[in-house]
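Read the structure below first, then the notes.
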Amino acid sequence: MSFHLTDWVLLRYMHALHQKDQRDRSFKAVDPQKVFSILVVSTTGLGDTVLSTPAIHAVRRTFPQAKITGHFHKKYIDLFNGHPHLDQVIAYEGTYNRRYKKFLSTIKAFRKEKFDLVFIFHGNDPQAVPMAYLSGAPVILRRPSTGKFAFLLSNPQGEEDYFSEHAIIGRLKTAQLAGCPVDDRRMILSPKAFNFDELNKFYRAIGLPADSPKVAFQPGASYAYKCWPESRFIDLGRKLLKKDPRLTILILGNRKEKQLCNRIFKGMDSPRVFNLAGKLSIGMITALIKELGLLVTNDTGPLHIAIALGTKTVSFFGPTSPDLFGPLQDLERHWVFYQKPDCEPCLLKKCPDPHCLTRLPVDTVLSACEKQLYENE
C-alpha cells in the first residue's frame, strides 16, 4: 500500500510520542498473571482472519483470566459472535480508499479497555500498529517486526522468515513471543457463526431443493492471477451435472465477482445451477459451506472456512503456495492442486499468463471431485 500525507503526519506524531514514552515496553517486563485485558488484531481479508483463529486459541490458553477483545473487519465480525476464545469484538471500519475511517472513535473504544497486551496477527498497514500504540497498551507484538512503524513494537525488528512460514504458524509464533503454545493448528469458528434459518429461507425463495447433494464453486479470488480459468469451471460443472442427475451446483462470490459468476452460470446453462454471488451474508455463507458435499475453489477466504468446518475441498494453488496457505488439518478431506511456477515468486499480484493454473486440465480436476464426492458412498 502506498504511503500518503496522512500516513507521514501520523508517522511524525508517533515518533514524537515514542520519544517521550518512558515505559518498559518489552514483554519481559510484564507479569503474565497480571495480564487482564488483551487485544487481538486481524483486520484484513476473510481468509487471513480465519487463519488467525489458532493463534487466538493459543492466547486464550495462556491467559485464561484475561478479557480478550477481537478487532476484525466489520464484514466478518459475525464469524466471532459468541466465539469461545473471545469476550467481545470491536469492528474495524476502514476500507481500501478510506483507511482511517473511524480511526479516532476506534482508538477511543480501545482506550476504555486498558489493554495490557496487543497481538497483531494480520493488520492493515499503516494504521494497525499506531492504533495499537494509541490504545495505551504497553506491549505490542507483531511479526514481522518491519515497516515504518516497527519502532512502536515490543519485539525486536526483523524476522524475515515470517514470509516463508505457513500463515497459521507465523501467527502462532507471534503468540509464542508471549509464551503461548504453538501445538494446536486447528482453525475454530464460533458455534453462532451459522445462519441456517436465513439460508433455508433463501433456498425456498429461489426454488433450490434443500435435500439435494450440493457442490459449490468459488471461481473468484482477491486477484485474478490466482484463479483457475472460468472456462474450466464451466466445463467441470457441465461434466459433474451430466454424471450425477441429483447434483446441484452453487456458484459463490462477492459483489465484485458477480459478472464472473454470471458468465459461469450462463455457460453451464442448467436449472440445477444457482448463482449466489453477492446474495449471502457471512453467516449464510458459513452455513452453506458447512452443509456442502464439496467446495471447488481457488485460494481464497471460503477455502479456509471449509477447512475450519471439515468440509471437503478441491483447491487450486499456483502463484500462491499451499505450503504457506494450504490446509494443515484433516488433510484427507482436502485435494490440493499445485504446480510450482518456474517464475516464482509472484510479487506483482498480476500475471499475463498464469500457466501454473491454466495448464491444469478439467478431466484431472473432475477425477479428484468424483473421488471426493463418491469414494465413500
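Following the working numbering, the numbering of the sequence shown begins with 72 at its first residue and continues without gaps.
Beta carbons: idealized from backbone N, C-alpha and C, even for Gly.
Treat the numbers as computed from the prediction; the structure is a model and nothing was measured.
K411 sits exposed, since fewer than 16 C-beta atoms from the chains shown fall within 10 Å of its C-beta.
The way I'd put it, the stretch 144–159 doesn't touch the stretch 206–223; fewer than three beta-carbon pairs between them come closer than 8 angstroms. Taking 3 residues as the minimum length, the stretch 419–446 contains no beta strand (DSSP E) run wholly inside it.
Contact between the stretch 196–216 and the stretch 95–102 is present, with at least three C-beta pairs closer than 8 angstroms. Taking each of D434, N346 and F151 in turn and checking the Cα distance to V286, the smallest one comes out for N346. Looking at the DSSP output, R213 shares a beta bridge with I191.
Of all alpha-carbon atoms in F192, F143 and K383, the one lying nearest the alpha-carbon of E403 is that of K383.
In the structure shown, W299 falls within a coil segment according to DSSP collapsed to helix, strand and coil. At a cut-off of 4 residues, the continuous stretches assigned as alpha helix (DSSP H) that sit fully inside the stretch 241–313 are 267–277. The beta carbon of K263 sits closer than 7 angstroms to the beta carbons of N152 and G153 from its chain, once the five residues preceding and following it are set aside; these are given in chain order. As DSSP reads the structure, L366 sits in a beta bridge with A287 and T384. Taking C-beta separations shorter than 6 angstroms and ignoring five residues to either side along the sequence, the partners of A292 in its chain run C298, N369 and T371, following chain order. A straight-line Cα-Cα distance of about 31 angstroms links Q289 and Q198. Look at V106 here: in three-state DSSP terms it is coil, with no helix or strand label.
Going by DSSP, L321 is part of the beta strand (DSSP E) stretching over T319 to I322.
The three-state secondary structure of G207, taken from DSSP, is coil. Pairing G389 with S235, the inter-Cα distance amounts to about 16 angstroms. With a threshold of 16 other beta carbon atoms within 10 Å, H375 meets it and is buried. C251 is a Cβ neighbour of V130, given a cutoff of 8 angstroms. Secondary structure within the stretch 146–189: the beta strand (DSSP E) runs of 3 or more consecutive residues, fully enclosed, are 159–163 (chain order). Every unbroken stretch of the alpha helix (DSSP H) spanning 4 or more residues and falling wholly within the stretch 325–374 is given here in chain order: 329–339 and 353–362. Taking the Cα positions, D401 is about 30 angstroms away from I109. Counting C-beta atoms within 10 angstroms of its own C-beta, A348 has 16 or more neighbours from the protein chains shown and is therefore classed as buried. Scanning N333, V253, G308 and G354 for the CA closest to the CA of E269 turns up G354.
Beta-bridge pairing by DSSP links G141 to V111 and V160. Excluding residues up to 5 positions away in sequence, V385, S386, F387, F388, L431, T435, V436 and A439 lie with their Cβ nearer than 8 angstroms to the Cβ of F408 in the same chain. In the DSSP assignment, V101 falls outside any beta strand (DSSP E) and carries neither an H nor an E.
Separation of S176 and L359 (C-alpha to C-alpha, rounded to the nearest whole angstrom) is 35 angstroms. V407 has S386 as its beta-bridge partners, per DSSP.
With respect to the 8 angstroms criterion, P125 and R256 are classified as neighbours on the basis of their beta carbons. The stretch 323–342 and the stretch 72–92 do not touch, with fewer than 3 CB-CB distances between them shorter than 8 angstroms. For G229, the secondary structure class from DSSP, reduced to helix, strand or coil, is strand. Excluding sequence positions up to five before and after I127, its CB lies within less than 6 angstroms of the CB of V111 and H156, all in the same chain and listed in chain order. Annotated as distal: Y274 and C422, with beta-carbon spacing of 8 angstroms or more. Relative to P215, the option among S206, M202 and F192 whose CA is nearest is F192.
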